[in-house]
Amino acid sequence: QTKADFQKSLEHYRTASGIRQSLNDRLELSNDWIGIGTAYRSLSQYDSALSFFRRTLALKDSIHDLPGRANTLTQMGITYDFLGKTNLAEQFYRESYELNRVFKNEKGMADNATNLGVLHHNNGRYQEAINSYKEALDIYNKFSLKRSVAKIMANSMTRKMLFIFLSPRRKS
4 QTKADFQKSL EHYRTASGIR QSLNDRLELS NDWIGIGTAY RSLSQYDSAL
54 SFFRRTLALK DSIHDLPGRA NTLTQMGITY DFLGKTNLAE QFYRESYELN
104 RVFKNEKGMA DNATNLGVLH HNNGRYQEAI NSYKEALDIY NKFSLKRSVA
154 KIMANSMTRK MLFIFLSPRR KS
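Numbers 4 to 175, taken from my numbering, label the letters of the sequence shown in order.
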């Protein structure tokens with residue numbers, strides 16, 4: 004997608020959020036705000052993205068939308084990861100993971116484990132990356148989420164790391 008596409012998305016989400024606000028449809032308004040935050044992130048306007056994600060968190064909390072809160076935390080983690088603030092990214096991924104565990108959203112758990120794997124790998128924490136990728140794969144395989152397994156396996160570095168670290172060790 005191009006910058007113009009994201010600008011257009013932003014316009015549409017803003018229009019939709021105005022309508023939802025006038026209807027007092029807080030759930031859909033919060034979903035529109037996630038879209039606005041994601042569009043801002045795609046435009047590299049990270050402060051604006053985080054501002055919308057914070058507003059979304061507050062609204063998700065007020066309507067007791069735990070799955071929506073978990074998704075918003077993940078979006079914040081991704082944004083902090085883009086900013087190179089890995090400690091904050093990890094914190095948000097882990098909080099989202101725990102919420103997904105509470106309401107038994109295995110795919111959400113696996114997606115966050117994947118995000119943690121990428122984060123650890125990019126920061127040279129290879130054993131933690133392997134553990135996170137393995138956890139994600141175990142969950143994806145358990146629930147036959149084949150597309151998600153394929154996404155992890157398609158990443159050549161992930162394949163190499165898993166092969167090296169998960170293969171039986173040869174004896175000298």
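For each residue, glycine too, the CB sits at the ideal point set by N, CA and C.
CB contact below 8 Å: residue i versus chain C
i: A113; result: In the displayed structure, chain C is absent; only one protein chain is listed.
Contact under 8 Å by Cβ, residue i with residue j
i: F55; j: M79; result: no
i: L30; j: Q24; result: no
i: N118; j: Y83; result: no
i: N103; j: A132; result: no
i: F85; j: Y43; result: no
i: A139; j: A116; result: yes
CA-to-CA distance, residue j to residue i, given in whole angstroms
i: L46; j: D68; result: 27 Å
i: L13; j: H124; result: 32 Å
i: Y143; j: A113; result: 7 Å
i: G71; j: Q10; result: 24 Å
i: D35; j: N134; result: 34 Å
Spatial neighbours of residue i in its chain, beta-carbon cut-off 8 Å, leaving aside the 5 residues before and after
i: A145; result: One point to set straight first is that residue 145 is Lys, not Ala, in the sequence displayed. Here the set comprises E109.
Cβ shell of residue i (< 7 Å), same chain only, five flanking positions each side left out
i: R17; result: I39
Own chain residues within Cβ distance below 6 Å of residue i, not counting five before or after
i: G127; result: none
**Request:** Could you name each continuous alpha helix (DSSP H) segment of 4 residues or more that falls completely within the stretch 68-110, going from the start of the chain to the end?
**Result:** Listed in chain order, the complete alpha helix (DSSP H) runs (minimum 4 residues) inside the stretch 68-110 are 69-85 and 89-105.
**Request:** Return the chain-ordered ranges of every alpha helix (DSSP H) run that is complete within the stretch 26-50 and spans a minimum of 4 residues.
**Result:** Qualifying alpha helix (DSSP H) stretches, in chain order: 29-45.
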